[in-house]
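Residue numbers (the numbering used here): 0 to 152.
The C-beta atom is built at its ideal place from N, Cα and C for all residues, glycine as well.
For reference, the structure discussed in these notes is given below.
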């Protein structure tokens with residue numbers, strides 16, 4: 000843990016004491032404070048992810064694509080793209096998006112912990128285009144109509 004993260008945890012412990020909670024915090028509370036402080040491979044918190052997500056959503060119109068946006072870390076690109084896709088599909092609220100950000104951050108932290116790397120920021124491939132012309136079903140229907148008109152059926 001960095002010095003900044005330790006300071007953040009100490010500040011959070013003091014705030015909890017001021018709010019009337021017990022001192023010292025039990026193990027579960029301490030672990031939740033550590034996870035909230037961004038004690039992961041990226042040094043990010045869910046709040047930092049949400050702030051970057053909001054900034055990207057508000058400023059994305061300035062760039063020709065999401066891959067052109069100046070991402071502070073490549074992992075934020077992958078997290079924010081997934082958040083936008085899921086958030087739109089499921090019509091998520093702000094609280095649901097924050098929980099999703101926490102889950103995605105934990106997913107990518109496990110991904111790094113398992114020895115994988117973060118893929119680079121790059122544009123998604125376009126969907127394949129169908130060739131011009133009739134489909135096989137249309138060809139079969141034309142053949143059927145031709146035979147029917149010729150009296151072969």
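Point to revise | Contacts around residue 62, its chain only, beta-carbon distance under 8 Å, and the 5 residues preceding and following it disregarded | key: Along the chain shown, read from residue 1 onward, the residue named residue 62 stands at position 63. Cβ within range, chain order: 68.
Exercise for review: Could you please give the first and the last residue of the uninterrupted alpha helix (DSSP H) stretch that includes residue 113?
Suggested key: The sequence position of residue 113 within the chain shown is 114, counting from 1. It is not in any alpha helix (DSSP H) - residue 113 carries neither H nor E in the DSSP assignment.
Check your understanding: I think residue 100 touches residue 48, with their Cβ atoms under 8 Å apart; what is that distance to the nearest whole Å?
Key -> Along the chain shown, read from residue 1 onward, the residue named residue 100 stands at position 101. Along the chain shown, read from residue 1 onward, the residue named residue 48 stands at position 49. Yes, they are in contact, since the Cβ atoms of residue 100 and residue 48 sit about 4 Å apart, within 8 Å.
Review point. Helix or strand or just coil, what does DSSP make of residue 109?
Key: Translated into positions along the chain shown, residue 109 becomes position 110. Three-state DSSP puts residue 109 in a helix.
Practice item. Determine the direct distance from the alpha carbon of residue 80 to that of residue 155, and round the result to whole angstroms. Key: Because the chain in this structure spans residues 0 to 152, residue 155 falls outside the shown range and cannot be described.
Point to revise | residue 5 to residue 129 span [Cα, whole Å] | key: As a position in the chain shown, residue 5 is number 6, starting the count at 1. As a position in the chain shown, residue 129 is number 130, starting the count at 1. Cα to Cα, residue 5 sits roughly 56 Å from residue 129.
Check your understanding: Run through DSSP, which three-state label would residue 140 get?
Key -> For the purposes of this step, residue 140 is taken as the residue at position 141 of the chain shown. Three-state result, residue 140: helix.
Practice item. With distances taken Cα to Cα, identify the nearest neighbour of residue 96 among 144, 86, 9. Key: For the purposes of this step, residue 96 is taken as the residue at position 97 of the chain shown. Cα-wise, what sits closest to residue 96 is 86.
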